[in-house]
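Student: Here it is: the structure, laid out below.
Residue numbers (UniProt numbering): 1 to 288.
Dropping the structure here:
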């Protein structure tokens, strides 16, 4: 490789390196500020050590609730989306009309989060929502899950499932389509049923793809801010309060830079605790 080519290749790396440097600076500054109490424009930064973390984890009920809600959403939404995505992918794989159904199933994934939230708010409106119009038609009482502490978070999970399950489905369907036809033909000759071929051939051969899509959904599930902010704003009460919402409300809107930085550090550590062990397991699975 010539010297000119080497220099040209290094130039193409510069944007990525610049982005990495900005990321490292932002994380480092957040960690630094997490040891201070500082309300922007009102007080000077005061070093408090680990007090921010202790207060958040022991004395702040809302923040602890936000941790529980975030983990609840990540675990339940990811699990249901993967299971439902696998089911849809398998059904489409065996269907002769997969290319007829596929475009319609992908529509939710293509919609922006704002459009999805507006649609779901309209569907569950207590007076003129589609769901309550349907219930009233059959003599049932109307429901208002977005203002019910018990059902608000499950409704957000259901909305996320509706939008993101097609993402899981299309990736797994692509993986199923790579299984050689010769294997399926041989299994059919041996008298294997579709269920047997699915459980013993298709899913085992696409295990690495399924593990990868689980990892992608885990990472994305932690980024729930937009949907919660637009749909419930953490309510009713604190039923749907999440870590990202807490960071925004107290760190950005409340100008509590030190406390917001402490929340961000806890959020990153929590996400890494969930994601990194699974990522290591996925990488080990790929190397086998």
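Every residue, glycine too, gets a C-beta built ideally from N, C-alpha and C.
Owing to the predicted nature of the structure, the values given are computational and were not obtained by experimental measurement.
Identify every residue that forms a DSSP beta bridge with residue 256.
Tutor: 39.
Student: Name the one or two DSSP bridge partners that residue 47 has.
Tutor: In the DSSP output, where bridge partners are listed per residue, residue 47 has 36.
Student: Whose C-beta lies closer than 7 Å to the C-beta of residue 175 among residues of the same chain, with five residues either side of it excluded?
Tutor: These residues qualify, in order along the chain: 206, 209.
Student: So, helix, strand or coil for residue 143, using DSSP?
Tutor: Here residue 143 sits in coil by DSSP.
Student: What's the call for residue 58, buried or exposed, on a 16-neighbour Cβ count within 10 Å?
Tutor: Exposed, because fewer than 16 other Cβ atoms sit within 10 Å of the Cβ of residue 58.
Student: Can you find the residues in the same chain that come closer than 7 Å, C-beta to C-beta, to residue 84, ignoring five residues on each side of it along the sequence?
Tutor: Around residue 84: 161, 165.
Student: Enumerated in chain order, which unbroken segments of the alpha helix (DSSP H) with a length of 4 residues or greater are wholly contained in the segment 225–256?
Tutor: Those alpha helix (DSSP H) runs which fall completely within the segment 225–256 and span 4+ residues are 225–231, 243–246.
Student: Does the pairing of the segment 133–143 with the segment 49–64 give three or more beta-carbon distances under 8 Å?
Tutor: Short answer: they don't touch.
Student: Measure the C-alpha to C-alpha separation of residue 270 and residue 198 and round it to an integer number of angstroms.
Tutor: Cα to Cα, the separation comes out at about 35 Å.
Student: Using only CA atoms, which one of 130, 235, 190, 276 lies nearest to residue 154?
Tutor: The shortest C-alpha separation from residue 154 is found at 235.
Student: Going by CA-CA distance only, name the one from 263, 274, 64 that's closest to residue 75.
Tutor: Among 263, 274, 64, the Cα nearest to that of residue 75 belongs to 274.
Student: Would you give the residue range spanned by the alpha helix (DSSP H) that residue 64 belongs to?
Tutor: Residue 64 -> alpha helix (DSSP H) spans 61–94.
Student: Just the C-alpha distance for residue 139 and residue 124, rounded to the nearest angstrom, thanks.
Tutor: Answer to the nearest angstrom: the Cα atoms are 17 Å apart.
Student: Pick from 232, 196, 97: whose alpha carbon is nearest that of residue 294?
Tutor: Residue 294 cannot be examined here, being either before or after the span of the chain that is shown, 1 to 288.
Student: In whole angstroms, what is the alpha-carbon distance linking residue 196 and residue 188?
Tutor: Between residue 196 and residue 188, the C-alpha separation is close to 10 Å.
Student: When we look at the beta-carbon of residue 267 and count the other beta-carbons within 10 Å, is it buried (16 or more) or exposed?
Tutor: When all chains shown are included, residue 267 counts as buried.
Student: Would a C-beta distance cut-off of 7 Å place residue 152 and residue 221 closer than the cut-off?
Tutor: It is not a contact, given that the beta carbons lie outside the stated cut-off.
Student: Pull up the distance between the alpha-carbon of residue 202 and that of residue 179, whole angstroms please.
Tutor: Their backbone Cα atoms lie some 7 Å apart in a straight line.
Student: According to the neighbour-count rule (16 or more other Cβ atoms, all chains shown, within 10 Å of its Cβ), is residue 237 buried or exposed?
Tutor: So residue 237 ends up on the exposed side.
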